[in-house]
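Going line by line, the protein sequences match chains A and P. Okay, so the first sequence: first residue is 1431 according to the working numbering, each after it adds one. Okay, so the second sequence: first residue is 4 according to the working numbering, each after it adds one. What follows is a set of notes on a single structure, which appears directly below.
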Amino acid sequence: MAANSDGMMQTDIFEDLQRKIDADSAIKDALRDVVQTLEKQDRNTQSTLSRAHSTSSAELPLVVKGAQASIQNEVEAIQQLSEIASKNPYYKFNYAWTRQMQDACFSILLCGYLGGFGKAEGGQLLTIEEVGQVMSVPVNLKDRDAFHLTIEEYLLALVSLLEELARLARNSVTLGDYRRPLQISQFIKDVHAGFQILNLKNDTLRKRSDGIKYRVKDVEDVVYDLSLRGLLPKD
Amino acid sequence: MDTEKDVGNAASASTLLPIFEAFRAELDEHHDRRERIIKASRDITAASKKIVRKLNAPLPQNVVKGNKQYYDTISTQFSSVSSDLQGLNAHRYGRQISGGCQEYIEAASFEHYLQTANILPYEDAAAQMKQLDSDGPGVELSPEDYLLGIYDMTGELMRFAVTSMATNGSLPTISSTNDAAETDPAPNTQRNLLTDMRDLRSALESLDAGTGPFARDADKKMDVMRASVEKVEKALYGLTVRGAERPKGWMPDTSTGRALEVEG
Chain A
1431 MAANSDGMMQ
1441 TDIFEDLQRK
1451 IDADSAIKDA
1461 LRDVVQTLEK
1471 QDRNTQSTLS
1481 RAHSTSSAEL
1491 PLVVKGAQAS
1501 IQNEVEAIQQ
1511 LSEIASKNPY
1521 YKFNYAWTRQ
1531 MQDACFSILL
1541 CGYLGGFGKA
1551 EGGQLLTIEE
1561 VGQVMSVPVN
1571 LKDRDAFHLT
1581 IEEYLLALVS
1591 LLEELARLAR
1601 NSVTLGDYRR
1611 PLQISQFIKD
1621 VHAGFQILNL
1631 KNDTLRKRSD
1641 GIKYRVKDVE
1651 DVVYDLSLRG
1661 LLPKD
Chain P
4 MDTEKDVGNA
14 ASASTLLPIF
24 EAFRAELDEH
34 HDRRERIIKA
44 SRDITAASKK
54 IVRKLNAPLP
64 QNVVKGNKQY
74 YDTISTQFSS
84 VSSDLQGLNA
94 HRYGRQISGG
104 CQEYIEAASF
114 EHYLQTANIL
124 PYEDAAAQMK
134 QLDSDGPGVE
144 LSPEDYLLGI
154 YDMTGELMRF
164 AVTSMATNGS
174 LPTISSTNDA
184 AETDPAPNTQ
194 RNLLTDMRDL
204 RSALESLDAG
214 TGPFARDADK
224 KMDVMRASVE
234 KVEKALYGLT
244 VRGAERPKGW
254 MPDTSTGRAL
264 EVEG
């Protein structure tokens, strides 16, 4: 390559790059709109699900039904998101939606635990595959580059679920339901045992999951209070 | 923990454990790959810095050959992780390899400038980087890493300009490089290292980085880049004002002052 002699260096070579950056900005804008919709819908779902803290077991199915309908709206937003996102490298933009996908996943997990999505007996953990089916997106994709739910997002949502259940255990007692804290206690311990076999590095997942042991203790305290007073169900 | 109850509910625990074992396998694979890439990126960074240091040493054309060992190191490192950086994973671990890519571009574009007096274009840089892993799929160069590497390269141009002024008492002009311009332009349009740095500065300044992680990085580097251009301008000012007083080839006051500024 010969040096050009017109007294200027070749700097127009950045123009192509500017076009690339601008194209990325347009994608980010489109994503932001959809993600904001998803966020708004998830707030709706959360406000419906939070009624579980003040609803007796008998009326819980109504709350679950309402939440499921709201989650259906979220699924539509997720579908739109998936359509835009799948046209682009997944990890290039995933920071734009990972938080909202975690929240949506948490809503689905909580709704499932309370008896939604065909888990009518309640107290069940929806697997990552089941959450993916609800969202109708693939999970933990490795062989192709498309929109999906990641393991990290699922596990972070699971930590949120445990935090919410610790709160629900106390509130169940207030509502006169002495059986549910036992069920929650067992569930949290099982999941805690699961997290303990993971080799976590010093990342967000590690920091969030470090808090699980305190949730285990919270719920154990509730069970202890009940057993001390002979309030635990006999069967 | 609580053996009595665990026995009673063993069924639920045993259905969860296989799920978490699968997660553990996935996460372990992810962390291993991530650490491999981080290590390669560090080695590439170290080798690139050595290339730059050699290029900045006196008589750069003599040491270009001596840099082969470092390019070999870089090539080996890129090859070792190129298969980890394909498809979905290219962007997943983009942040981990980014540092190495930027440093490599800094070294490669600096060398390219010293040899051709021009900026290494993105396409050429990307092709060069692929070439480093000639037997494998190659590592993709992102436009962002390319630009951030170019920002860093201005710092090397500054160092080169200041060193040249301190040792030769003049700013390197473009016609003094091997690919000299054939025509003799008018003196006021004569290209030199400083006019090139100014051109580069204005080109980078007119770039709109948008929003997001890249914009934040570019912002920081922009300040450093502006400071680099100003350091050369100040040095040239010193040379012009005080230069007339000094005997040829000797710079009593500017050399010490300059040396301090280079460090900063």
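From the three backbone atoms N, C-alpha and C, an ideal C-beta is built for every residue, glycine too.
{"Asked": "Who are the neighbours of residue 214(P) on chain A, taking C-beta pairs under 8 Å?", "Found": "1455, 1458"}
{"Asked": "Could you tell me the distance, in whole angstroms, from the CA atom of residue 49(P) to the CA atom of residue 58(P)?", "Found": "14 Å"}
{"Asked": "Mind checking residue 126(P): buried by the 16 CB within 10 Å criterion, or exposed?", "Found": "exposed"}
{"Asked": "Using the C-alpha atoms, what's the distance from residue 1611(A) back to residue 1656(A)?", "Found": "9 Å"}
{"Asked": "Can you pull the chain P neighbours of residue 1463(A), defined as C-beta to C-beta under 8 Å?", "Found": "Chain P residues near residue 1463(A): none, gap ~14 Å exceeds 8 Å."}
{"Asked": "Looking only at its own chain, which residues have a Cβ that is under 6 Å from the Cβ of residue 159(P), when we skip the five neighbours before and after it?", "Found": "55, 113"}
{"Asked": "Using a Cβ-Cβ cut-off of less than 7 Å, list which residues of the stretch 23-42 of chain P approach chain A; keep chain order.", "Found": "23, 24, 26, 27, 29, 30, 31, 34"}
{"Asked": "List, in chain order, every chain A residue whose beta-carbon is nearer than 7 Å to that of residue 100(P).", "Found": "Here the premise fails: no neighbours, minimum Cβ distance about 12 Å."}
{"Asked": "Which residues, in chain order, does the stretch 1487-1519 of chain A contribute to contact with chain P at a C-beta distance below 8 Å?", "Found": "1519"}
{"Asked": "To which residues of the same chain is residue 1590(A) closer than 7 Å at the C-beta, ignoring the five residues directly before and after it?", "Found": "1536"}
{"Asked": "Can the beta-carbon of residue 1503(A) be found closer than 8 Å to that of residue 1471(A)?", "Found": "yes"}
{"Asked": "Using a threshold of 8 Å, state whether the C-beta atoms of residue 87(P) and residue 39(P) are closer than that.", "Found": "yes"}
{"Asked": "Determine the burial state of residue 103(P): buried for a count of at least 16 other Cβ atoms within 10 Å of its Cβ, exposed for fewer.", "Found": "buried"}
{"Asked": "Grab the span of the alpha helix (DSSP H) containing residue 110(P) for me, first residue to last.", "Found": "97-119"}
{"Asked": "Give me the Cα-Cα distance between residue 1664(A) and residue 1609(A), rounded to the nearest whole angstrom.", "Found": "10 Å"}
{"Asked": "Return helix, strand or coil for residue 1580(A), following the three-state DSSP convention.", "Found": "coil"}
{"Asked": "Is residue 1567(A) helix, strand or coil by DSSP?", "Found": "coil"}
{"Asked": "Which residues, in chain order, does the stretch 1620-1631 of chain A contribute to contact with chain P at a C-beta distance below 8 Å?", "Found": "1620, 1621, 1623, 1624, 1625, 1627, 1628, 1629, 1630, 1631"}
{"Asked": "Under the three-state reduction of DSSP, which class applies to residue 1518(A): helix, strand or coil?", "Found": "coil"}
{"Asked": "So with Cβ pairs under 8 Å, would you call residue 45(P) a contact of chain A?", "Found": "no"}
{"Asked": "Helix, strand or coil for residue 48(P), going by three-state DSSP, please let me know.", "Found": "helix"}
{"Asked": "Strictly under 8 Å for the Cβ-Cβ distance: is residue 1448(A) near chain P by that measure?", "Found": "yes"}
{"Asked": "Going along the chain, which residues of its own chain have a beta-carbon closer than 6 Å to the beta-carbon of residue 155(P), five neighbours each way excluded?", "Found": "109"}
{"Asked": "Suppose you measure from the CA of residue 1551(A) to the CA of residue 1498(A); what does that come to, to the nearest Å?", "Found": "16 Å"}
{"Asked": "Closest to residue 193(P) by C-alpha separation, out of 205(P), 177(P), 131(P), 35(P), would be which residue?", "Found": "177(P)"}
{"Asked": "Would you say residue 1648(A) lies against chain P (beta-carbon separation less than 8 Å)?", "Found": "no"}
{"Asked": "Which same chain residues, not among the five before or five after residue 93(P), have their C-beta less than 7 Å away from its C-beta?", "Found": "143"}
{"Asked": "Measure from the C-beta of residue 1443(A) to each C-beta in chain P and report whether the shortest distance is under 8 Å.", "Found": "yes"}
{"Asked": "Using 8 Å as the threshold, is the stretch 1488-1497 of chain A in touch with the stretch 1527-1535 of chain A, meaning 3 or more CB pairs across them?", "Found": "no"}
{"Asked": "So residue 1617(A) packs on residue 1542(A), CB below 8 Å; how close in whole Å?", "Found": "Wrong, their Cβ atoms sit about 12 Å apart, outside the cutoff."}
{"Asked": "Kindly indicate which three-state DSSP category residue 1524(A) falls into: helix, strand or coil?", "Found": "helix"}
{"Asked": "Work out the CA separation of residue 1454(A) and residue 205(P) for me, nearest whole Å.", "Found": "23 Å"}
{"Asked": "What does the alpha-carbon distance come out to for the pair residue 20(P) and residue 1628(A)?", "Found": "10 Å"}
{"Asked": "Rounded to the nearest angstrom, how far is the Cβ of residue 1518(A) from that of residue 1457(A), given a contact under 8 Å?", "Found": "6 Å"}
{"Asked": "Tell me, please, whether the CB atom of residue 1557(A) is closer than 8 Å to any CB atom in chain P?", "Found": "yes"}
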